[in-house]
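See structure below.
Protein chains in written order, with my numbering: chain A, 3 to 85; chain B, 3 to 85; chain C, 42 to 197; chain D, 42 to 197.
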């Protein structure tokens with residue numbers, strides 16, 4: 003699946019997007035955040051505080067418990083500050 | 003003192019303004035409304051329902067119990083409907 | 042605090058009025074309210090607005106002073122028309138500028154609620170069928186809307 | 042219900058945007074909100090706004106649909122900028138048109154509260170002294186402001 007990163011999540015990882023292939027044991031957004039945390043120092047820094055990370059699946063907001071299922075795109079970002 | 007009338011109070015009386023000289027016994031706005039009620043059919047119609055009459059003394063809103071004192075101008079009108 | 046308060050017969054250009062407020066870069070939020078003459082399903086041709094002119098600007102000023110006392114405002118504008126106002130035309134324009142949106146929104150709502158119940162204006166309806174229009178009745182809703190500001194902080 | 046929803050880099054002309062809504066004479070109340078880039082006492086040069094562009098317009102659309110479900114609206118406009126926005130410039134414009142003022146005010150406040158917490162935009166501060174800017178932190182106030190709409194009617 004495609005992963006996209008925004009704001010300081012993007013800056014800490016050093017990538018705006020990438021293809022990711024998490025193992026089958028990664029079933030929810032929370033699982034995916036935990037998996038990201040162990041992919042290297044930059045990912046560990048970006049996902050250090052899971053409570054400050056928001057996620058979207060196929061461009062809709064989702065909660066940590068949401069199953070990833072067959073989503074084509076996942077996005078991670080800080081709480082929004084538009085408006 | 004000068005009396006001014008607006009909206010349907012003006013229409014029912016048939017005057018926009020006039021000089022009035024109420025007796026010394028007329029001390030408050032409520033007294034003045036009661037005095038106006040007996041000045042003729044047109045005044046009786048305009049002031050029939052005192053609860054729907056609003057008043058201003060020298061261009062500031064006042065309540066029925068407010069003393070007229072030395073005010074130069076009194077105004078009577080329905081509840082406002084601007085905005 | 043910049044304030045522009047005006048009662049006038051002629052139509053106004055909302056964009057030009059707001060530009061005249063010269064909002065500076067301390068302002069983060071600008072709220073405007075435009076009250077328009079509805080045609081009431083095609084039955085209303087115009088509203089005729091009578092004013093107590095010598096009192097109207099003074100009373101608007103008192104309402105604005107009370108808004109400034111309650112919220113930190115950078116600028117306030119109130120323009121209210123009188124005379125014949127055709128369906129679809131603007132009757133009143135209120136603008137409030139503040140650092141933050143809550144203050145600007147609350148001040149604009151407060152101004153409208155208080156103008157409706159305190160500013161000396163009266164509307165007479167002119168129907169499209171030419172029949173004699175009636176004076177618009179004050180709404181209990183408007184009294185209630187104005188009263189809700191009293192519980193939070195002292196009123197005028 | 043007319044709706045104009047747009048995300049764009051270039052500055053907008055609020056008056057032209059609102060004219061494009063083509064408010065008709067069923068509308069009695071038009072509320073606009075303009076969010077501006079404050080200079081924070083002269084320390085801030087610009088805000089840089091990053092978006093998740095493919096999601097932003099869709100999410101704004103969902104927020105507007107929810108507003109339309111809650112209030113009878115004649116027209117809604119949301120224009121949100123991205124990229125570098127200098128101090129004093131407008132960031133976002135929201136307009137709501139309805140028969141009555143309460144609906145227009147509530148819908149505009151709701152839209153702003155929800156856009157702040159749900160629309161995928163992030164602000165980075167660029168200081169006037171040239172030092173590296175920080176990402177603007179989300180405010181608990183904004184979360185609380187959005188949450189207050191949940192008690193009254195079901196949320197998104």
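The beta-carbon is built from N, C-alpha and C at its ideal position, and this holds for glycine as well.
Any chain C beta carbon closer than 7 Å to residue 128 of chain D: At a cut-off of 7 Å, the C-beta of residue 128 of chain D has a neighbouring C-beta in chain C.
Judging by CA-CA distance, which residue of B:30, B:37, B:47 is the nearest neighbour of residue 65 of chain B? Looking at the Cα atoms, B:30 is the closest of the given residues.
For residue 69 of chain A and residue 62 of chain A, I'd like the C-alpha separation in whole angstroms. Between residue 69 of chain A and residue 62 of chain A, the C-alpha separation is close to 13 Å.
By Cβ distance, which residues of its chain are closer than 6 Å to residue 121 of chain D, with the 5 residues on each side in sequence left out? Excluding residues within five positions, the ones whose Cβ falls inside 6 Å are 48, 133.
Out of curiosity, what's the CA-to-CA distance linking residue 141 of chain C and residue 141 of chain D? Separation of residue 141 of chain C and residue 141 of chain D (C-alpha to C-alpha, rounded to the nearest whole angstrom) is 24 Å.
Compute the beta-carbon to beta-carbon distance between residue 126 of chain D and residue 90 of chain D, rounded to the nearest angstrom, for a pair I have assumed lies under 8 Å. Taking the Cβ atoms as the reference, residue 126 of chain D lies roughly 6 Å from residue 90 of chain D, within the contact range of under 8 Å.
Report buried or exposed for residue 153 of chain D, applying the criterion of at least 16 other Cβ atoms within 10 angstroms of its Cβ. Residue 153 of chain D is buried by the Cβ-count criterion.
For the alpha helix (DSSP H) holding residue 155 of chain D, just list the boundary residues, first then last. Unbroken alpha helix (DSSP H) run through residue 155 of chain D: 142-159.
Could I get the ranges of all uninterrupted beta strand (DSSP E) runs contained in the stretch 44-124 of chain D, with 3 residues as the minimum, in chain order? The DSSP assignment places complete beta strand (DSSP E) segments of no fewer than 3 residues inside the stretch 44-124 of chain D at 70-77, 85-92, 114-122, in order along the chain.
Sorted by chain position, which residues of the same chain lie with C-beta nearer than 6 Å to residue 73 of chain D's C-beta, five sequence neighbours on each side aside? Excluding positions up to five away in sequence, the list reads 136.
Below 7 Å on C-beta distance, what does residue 120 of chain D contact in chain A? Listed by position along chain A, the residues whose Cβ is nearer than 7 Å to that of residue 120 of chain D form an empty set, because the closest Cβ is around 12 Å away.
Which word fits residue 195 of chain C, buried or exposed, when buried means at least 16 other C-beta atoms lie within 10 angstroms of its C-beta? For residue 195 of chain C, the predicted model reports a pLDDT of 48, less than 50, meaning its position is unreliable; a value from the coordinates is still stated below. Residue 195 of chain C is exposed by the Cβ-count criterion.
Would you verify that the beta carbon of residue 37 of chain A is, or is not, closer than 7 Å to some beta carbon of chain D? No, no contact with chain D.
Inter-residue spacing [alpha-carbon to alpha-carbon] between residue 168 of chain C and residue 174 of chain C: Straight-line measurement puts the Cα of residue 174 of chain C at about 6 Å from the Cα of residue 168 of chain C.
Note down, in chain order, each residue of its chain lying with its Cβ closer than 8 Å to the Cβ of residue 179 of chain C, except the 5 sequence neighbours on either side. For residue 179 of chain C, where only same-chain residues beyond five positions count, the Cβ hits under 8 Å are 158.
Below 8 Å on the Cβ atoms is my contact criterion, and I expect residue 51 of chain B with residue 15 of chain B to pass it. Report the Cβ-Cβ distance as a whole number of Å. In fact, because the Cβ distance is near 14 Å, the residues do not count as touching under 8 Å.
Could you check if residue 40 of chain B is buried or exposed, using at least 16 other CB atoms within 10 Å of its CB as the buried criterion? When all chains shown are included, residue 40 of chain B counts as exposed.
Counted within 10 angstroms of its Cβ, other Cβ atoms place residue 94 of chain C as buried (16 or more) or exposed: When all chains shown are included, residue 94 of chain C counts as exposed.
Give, in chain order, every unbroken run of the beta strand (DSSP E) that is at least 3 residues long and sits entirely within the stretch 5-51 of chain A. Along the length of the stretch 5-51 of chain A, whole beta strand (DSSP E) runs at least 3 residues long occupy 19-21, reported in chain order.
Rounded to a whole number of angstroms, what is the C-alpha to C-alpha distance between residue 75 of chain B and residue 61 of chain C? So the alpha carbons of these two residues sit roughly 35 Å apart.
Kindly list, in the order they appear in chain C, the residues whose Cβ is closer than 7 Å to that of residue 81 of chain B. Under the 7 Å cutoff, chain C gives 179.
Quick check on residue 164 of chain D - is its C-beta less than 7 Å from some C-beta in chain A? Yes - at least one Cβ of chain A is within 7 Å of the one on residue 164 of chain D.
Alpha carbon of residue 86 of chain C to alpha carbon of residue 183 of chain D, nearest angstrom: The alpha-carbon atoms of residue 86 of chain C and residue 183 of chain D are separated by roughly 43 Å.
At a Cβ cut of 8 Å, what residues of the stretch 146-158 of chain C count as close to chain D, listed as they run along the chain? Here the close residues are 146, 149, 150, 153.
For chain D, find out if any of its Cβ atoms is closer than 7 Å to the Cβ of residue 8 of chain A; answer yes or no. Yes, residue 8 of chain A lies at the interface with chain D (some Cβ there is under 7 Å from its Cβ).
Cβ of residue 109 of chain D within 7 Å of any chain A Cβ: At a cut-off of 7 Å between beta carbons, residue 109 of chain D makes no contact with chain A.
By the 10 Å Cβ neighbour count, where 16 or more other Cβ atoms means buried, how is residue 161 of chain C classified, buried or exposed? Looking at its Cβ environment, which holds 16 or more other Cβ atoms inside 10 Å, residue 161 of chain C is buried.
Chain C contact for residue 61 of chain B (CB, 7 Å cutoff): At a cut-off of 7 Å between C-beta atoms, residue 61 of chain B counts as an interface residue with respect to chain C.
Quick one: which chain A residues come within Cβ less than 8 Å of residue 96 of chain D? Contact annotation for residue 96 of chain D against chain A: 58, 61, 62, 77 [CB-CB distance below 8 Å, chain order].
The stretch 52-71 of chain D contacting the stretch 63-82 of chain C, beta-carbon criterion three pairs below 8 Å: Touching, yes.
Go to residue 61 of chain B, then tell me how far its beta strand (DSSP E) extends in each direction, as first and last residue. No beta strand (DSSP E) contains residue 61 of chain B, which DSSP labels as neither H nor E.
Give the single residue among D:99, D:186, D:80, D:69 whose Cα lies nearest to the Cα of residue 85 of chain B. Considering only alpha carbons, the answer is D:69.
Beta-carbon proximity check, residue 79 of chain A vs residue 5 of chain A, cutoff 7 Å: Not in contact: residue 79 of chain A and residue 5 of chain A (Cβ atoms no closer than 7 Å).
Do residue 138 of chain D and residue 115 of chain D have their C-beta atoms within less than 7 Å of each other? Going by C-beta atoms, residue 138 of chain D is nearer than 7 Å to residue 115 of chain D.
Own chain residues within Cβ distance below 7 Å of residue 22 of chain A, not counting five before or after: The answer, listed in chain order, is 3, 5.
Please report how far the alpha carbon of residue 78 of chain D lies from the alpha carbon of residue 98 of chain D, in whole angstroms. Here the C-alpha atom of residue 78 of chain D lies approximately 21 Å from the C-alpha atom of residue 98 of chain D.
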